[in-house]
Each structure stands twice: as C-alpha cells, then as structure tokens.
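Colleague:
Number of protein chains: 2
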Amino acid sequence: MSHTPVGVRRTQKLRTRQALLDAALDLLEHQSLSSLGLREVTRAAGVTPTAFYRHFEDTAALGVALVEETLGSLHGLIAAVLAETGDSEERLDRSVAVIARHVGAQPAHFRFIAREQHGGVGPVRAAIAAQLRRFAEEVACALGQEPGSAGWSEEDLLMLGGLYVDHMVITTSTLLEAGPEGEAEVVRVARRRLRLVTIGRAHWLDEG
Amino acid sequence: MSHTPVGVRRTQKLRTRQALLDAALDLLEHQSLSSLGLREVTRAAGVTPTAFYRHFEDTAALGVALVEETLGSLHGLIAAVLAETGDSEERLDRSVAVIARHVGAQPAHFRFIAREQHGGVGPVRAAIAAQLRRFAEEVACALGQEPGSAGWSEEDLLMLGGLYVDHMVITTSTLLEAGPEGEAEVVRVARRRLRLVTIGRAHWLDEG
DNA sequence: CCGTTCGGAGTACGAGTGTTCACTGACTTG
DNA sequence: CAAGTCAGTGAACACTCGTACTCCGAACGG
Chain A
1 MSHTPVGVRR TQKLRTRQAL LDAALDLLEH QSLSSLGLRE VTRAAGVTPT
51 AFYRHFEDTA ALGVALVEET LGSLHGLIAA VLAETGDSEE RLDRSVAVIA
101 RHVGAQPAHF RFIAREQHGG VGPVRAAIAA QLRRFAEEVA CALGQEPGSA
151 GWSEEDLLML GGLYVDHMVI TTSTLLEAGP EGEAEVVRVA RRRLRLVTIG
201 RAHWLDEG
Chain B
1 MSHTPVGVRR TQKLRTRQAL LDAALDLLEH QSLSSLGLRE VTRAAGVTPT
51 AFYRHFEDTA ALGVALVEET LGSLHGLIAA VLAETGDSEE RLDRSVAVIA
101 RHVGAQPAHF RFIAREQHGG VGPVRAAIAA QLRRFAEEVA CALGQEPGSA
151 GWSEEDLLML GGLYVDHMVI TTSTLLEAGP EGEAEVVRVA RRRLRLVTIG
201 RAHWLDEG
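These protein sequence lines are chains A and B, in that order. The UniProt record's numbering puts the first residue of the first sequence at 1, with every later residue one more than the last. The UniProt record's numbering puts the first residue of the second sequence at 1, with every later residue one more than the last.
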C-alpha cells in the first residue's frame, strides 16, 4: 500500500488530459477539428504546447477521445428507453424527450459529433461511424425482441434501426441549430416524423 | 457592339474564378473549409495570393459560391423526377438512381456539401440550409399535387418533404463513404427506407 | 487613338503554426 | 531514503498564414 492510494501522478495526468479535452470542446464550438491548433488547445487549457504530446499524438487523436467521451456513455441509455413499457406512441415521445434533454444539457458535445460526422479528419469520422453502427445494432436488437417485429428479417431490422438512429442524429443537429427557443417546434416535427416511420413499420409486412 | 463580343476581360476573370473554385474543391476532398488557406487555394490554381481578393472576400465567400454551384443547378431536377408518371415504387427507384448517378458523377461537390452542412463556417452552413429548405418546399409542393395527398395539411406535407430531403442527404453521405464498390448495397437499403416511409405516408391519415 | 480601368504580379510584414530538444522537480518504487 | 521515472517547462527551429503595399500591362470606352 503506497502513501498515496491512487497515485497523485496518474490523477494529475488525467486532470490535465481532461482540461485539454474540455478546452478543445470549447474551441470547437465555432470551428471544426481540422482547423483546431495544438497550441490553441494548450493555451486554453493553461499548459505548454509540449505537454500536449504526453496525452495525445495528434489533434486527431484528441478528436477520437472526444468521440468516445460523448457517445460511449450513451449506449446503455437507448436500450433502457426502448425497454420501458407503454404503447409505441408513448415510447416515441419519451425517446424524443430524452434526446432533447441530453442535447440541451451538453450542446457542445453533440455539436462536435454533428460537425465531425462528415468532417475532414478521417480517424474521427471512422470513430463516429463505428459508434453509430453500434447504436443501430442495439436499436435493431431491442426492436427484434418486441412482438410487433414478428416476421421481420434480420436485415430489415437493421435497416429500421439505422433509420431511427439517423433520425436521432438529424434531430440533434436541428435542435442545435434551432437553439433553446425553437426546441418545442423541432420536437413537434421530430415526433411526427417518427410517427410516420412507425406507421410504415406497422404495415411493412402487408406490402413488403 | 464592341470589338470583342463578350469582353475578353470578363471572360478571363470568370476563368480564373472557376480555377479558384475547382482548386478549392480539390483541396476540400481531404479537409474542411475552415482549415482551407487562401494561399493554398491560389497556389493550386496557379495564381498569386493577392489575386484571390479580386474574386472573393473570404474563403467563406468562396464556400458560399461552391454551395450555389453544387446545389443551385439541382432544383429543376427534383420536380422533373417527381412529375414523371408511374406508380410510387417506380418513382422511388428512379429518384434513388438519379441521386446515385449524380453523386457518382461529381463526388467532390457532394462531399463538400455533406461536410460543410454542419461545418465550422457559419455563412456556408446558412447557404446550405437555405438551399435544402427550398428543396423541401419543392418536394412538398410536388407531393401536394398528387392525388395521394388529398386531405394532407400544408404542415404535414412540409414535414414529409423534409423527411425525403434529409434522406437524400443521408444517402449521398453514405454513398460517398461506401465508394463505387459499395454503391449497390447502399442503393438497396436506401430504397427500402424510402419504401417504408412511403408506406407510412399511405396510412398516415388512417392513424394520424 | 488616348486616357482609364482593373486583373494580376511581386514584395514585405507580423503573427501564428507543429515539432524538437535539453531540462527541472515532484512523485514513485525498491 | 536513494535512484529513477515522467508530466510539464522554456527556448528555438523552420515553416505557412492573411493582408497591405506598389506596380505592370492588356483590355476597354469615348
């Protein structure tokens, strides 16, 4: 047992690492990752430029870390929302509400994801795509366990899951553009869109 | 009537302007607009940095010009595709095919749009949003003239139009990520998604 | 034909960039 | 408690960047 339980050193390292991530997220509110300077980040974090290399190789690597931080903690959430009881209308409303709440709580994180999903930094794009694919699979799995999905093929479930996930991404983007005052309207339209998709889902096997 | 019918000067000016746009589009294949340097563009275009200012105030202004170039010429196309006869299945397949063809023909243009739709340059974001809104309105208008849209409210038509447009944007992004070899699969899934939306549309008034 | 317009060239400046290097001093380990 | 590890420092490197000048010469209008 050492004198310092967890290691003062590791703790401090994680602290400055987080300071770098936070500073970067702040700066990324008004620019995109490919124009984000290493020095710019360290200056905002209160560290010298050389210290950056102790934590990340690139600004690209920092971007990938930001992706994990934002999307990594969301995986449990989806399954939880979809697993709750209630008719589809209720669950749909709840899903949209959950998204609106999360986006409202940490806009910068979601702005970053929306911006870099198709941004100029390859590794970051790949990291986001991988996370979204996982979301689509999770949604497909949750849908597959419902009675309403009897007779659906694996592939169609994935298609539907991807459809829902893409709509969630679009909704977050729109929420960010609209700002707090436009949130209600965006939520209204998003609900209607999802309802239309759900209706299509209910009649999919009739006309597929 | 002057000695030179169109004006040699204006022609040359337009020529270098186009050279700047083309060079920028090339460079934007692997980075985003906010990291694109003025000098970088002029170097690739074979012009001195100062010449840039004769055509654009900013790289942002150049970006807006690129948006117009890419999206401005597409407005007639949508109405044309939607106006053609045939059942909804046929029209749907044709729409997807038209998109795949356009994206395949000029990938760089569409990559630029996908990248800057949520990118770090405000004016460009605004320009793209304005164009997409116009698209949504055009689609809504076209849909409203169909017999299948009887009883639909103006607002719901716009919602549906936006839904279609957003799906088109998603499809273009996915096509770009997949590359030529993955095109067939992407087109398959995109068609299925649109079919599901169309089914939802057919039953919208039953359960709305 | 002559004066004007103007697209573009050339030069120069200050500021900011990513990266390397030797170095320091607090924490950690045996 | 001594030896070693290592997060962070500070100075220096060789760039690129946007922008402000002046200037040239071909195309233009009267």
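Where a beta carbon is used, it is the ideal one built from N, C-alpha and C, also for glycine.
(1) Does DSSP put Leu21 (chain A) in a helix, a strand or coil?
(2) Closest Cβ-Cβ distance between Arg91 (chain B) and chain A: below 8 angstroms?
(3) What residues in its chain sit with their C-beta under 6 angstroms from that of Arg115 (chain A), if we drop five residues either side in the sequence?
(4) Which residues in chain A have a C-beta closer than 8 angstroms to the C-beta of Trp204 (chain B)? List them in chain order.
(5) Go ahead and pull the three-state DSSP assignment for Glu57 (chain A).
(6) Going along the region 26 to 57 of chain A in order, which residues come within less than 7 angstroms of chain B, judged by CB to CB distance?
(7) Give the interface partners of Gly119 (chain B) over in chain A, defined as CB-CB distance under 8 angstroms, in chain order.
(8) Between B:Phe52, B:Ala100, B:Leu163, which lies nearest to Glu181 (chain B) when the distance is taken from Cα to Cα?
(9) Counting only the same chain and skipping the five closest in sequence on each side, list residues whose C-beta sits under 6 angstroms from that of Tyr164 (chain B).
(10) Measuring only between beta-carbons, confirm whether Arg193 (chain A) sits less than 8 angstroms from chain B.
(11) If I measure Cβ to Cβ from Gly144 (chain A) and keep anything under 6 angstroms in the same chain, skipping five residues before and after, which residues do I get?
(12) Among A:Arg188, A:Gly119, A:Glu29, A:Phe135, which one has its Cα closest to the Cα of Pro107 (chain A)?
(13) Starting from the Cα of Val96 (chain A), find the closest Cα among A:Ala184, A:Leu205, A:Ile113, A:Gly200 and give me that residue.
(14) Since Leu71 (chain B) meets chain A, which of its residues come closer than 7 angstroms, beta carbon to beta carbon?
(15) Here's the rule: buried if 16 or more other CB atoms are within 10 angstroms of the residue's CB, otherwise exposed. What is Ser172 (chain A)?
(16) Checking 8 angstroms against the spacing of the C-beta atoms, do Gly119 (chain A) and Arg111 (chain A) come in under that value?
(17) Between B:Arg201, B:Ile78, B:Thr174, B:Gly63, which lies nearest to Leu132 (chain A) when the distance is taken from Cα to Cα?
(18) Which runs of the alpha helix (DSSP H), 4 residues or longer, sit entirely within the region 47 to 107 of chain A?
(19) Excluding the 5 residues flanking Ile78 (chain A) on each side, which residues of the same chain have their C-beta closer than 8 angstroms to its C-beta?
(20) Report yes if the C-beta distance between Thr70 (chain A) and Leu36 (chain A) is below 8 angstroms; otherwise report no.
(21) Could you tell me which chain B residues have their CB closer than 7 angstroms to the CB of Met159 (chain A), listed as they occur along the chain?
(22) Should Ala45 (chain B) and Ala19 (chain B) be called a contact, given that it needs their Cβ atoms to be closer than 8 angstroms?
(23) Cβ of Leu163 (chain A) less than 8 angstroms from any chain B Cβ?
(24) Any Cβ of chain B within less than 8 angstroms of the Cβ of Ile170 (chain A)?
(25) Which chain B residues are close to Asp166 (chain A), counting only those with a beta carbon under 7 angstroms from its beta carbon?
(26) For chain A, is any of its Cβ atoms less than 8 angstroms away from the one on Glu207 (chain B)?
(27) Relative to the C-alpha of Ala24 (chain A), which candidate in A:Lys13, A:Ala61, A:Thr11, A:Gly162 has its C-alpha closest?
(28) Which two residues bound the contiguous alpha helix (DSSP H) that contains Pro123 (chain A)?
(29) How about Leu205 (chain A) and Gly151 (chain A): are their beta carbons less than 8 angstroms apart?
(30) Considering only C-alpha positions, which residue in the set A:Phe56, A:Gly148, A:Asp87 is nearest to Arg17 (chain A)?
(31) First and last residue of the alpha helix (DSSP H) that includes Leu163 (chain B)?
(32) For a cutoff of 8 angstroms on Cβ pairs, would you count His3 (chain B) as touching chain A?
(33) Does chain A have any CB closer than 8 angstroms to the CB of Ser173 (chain B)?
(34) Between Leu176 (chain A) and Val121 (chain A), how many whole angstroms is the CB-CB distance? I'm expecting something under 8 angstroms.
Modeller: Reading it off the structure:
(1) helix
(2) no
(3) Ser32
(4) Leu196, Ile199
(5) coil
(6) His30, Gln31, Ser32, Ser34, Ser35
(7) Ser32, Arg115, Gly119
(8) B:Ala100
(9) Val139
(10) yes
(11) Leu157
(12) A:Glu29
(13) A:Ala184
(14) The premise fails here: Leu71 (chain B) is roughly 16 angstroms from chain A at the closest Cβ pair, so nothing lies under 7 angstroms.
(15) Reading the sequence as shown, one finds Thr at residue 172 (chain A) and not Ser. Result: buried.
(16) no
(17) B:Thr174
(18) 59 to 71, 75 to 83, 88 to 105
(19) Phe135, Glu138, Val139, Ala142
(20) no
(21) Val189, Arg192, Arg193
(22) yes
(23) yes
(24) yes
(25) Ile170
(26) yes
(27) A:Ala61
(28) 122 to 144
(29) yes
(30) A:Phe56
(31) 154 to 178
(32) Note that His3 (chain B) scores a pLDDT of 44, beneath 50, so its modelled location is shaky; the value from the coordinates is reported in the next line. Cβ-Cβ to chain A under 8 angstroms: no for His3 (chain B).
(33) yes
(34) Not confirmed; about 20 angstroms, so no contact.
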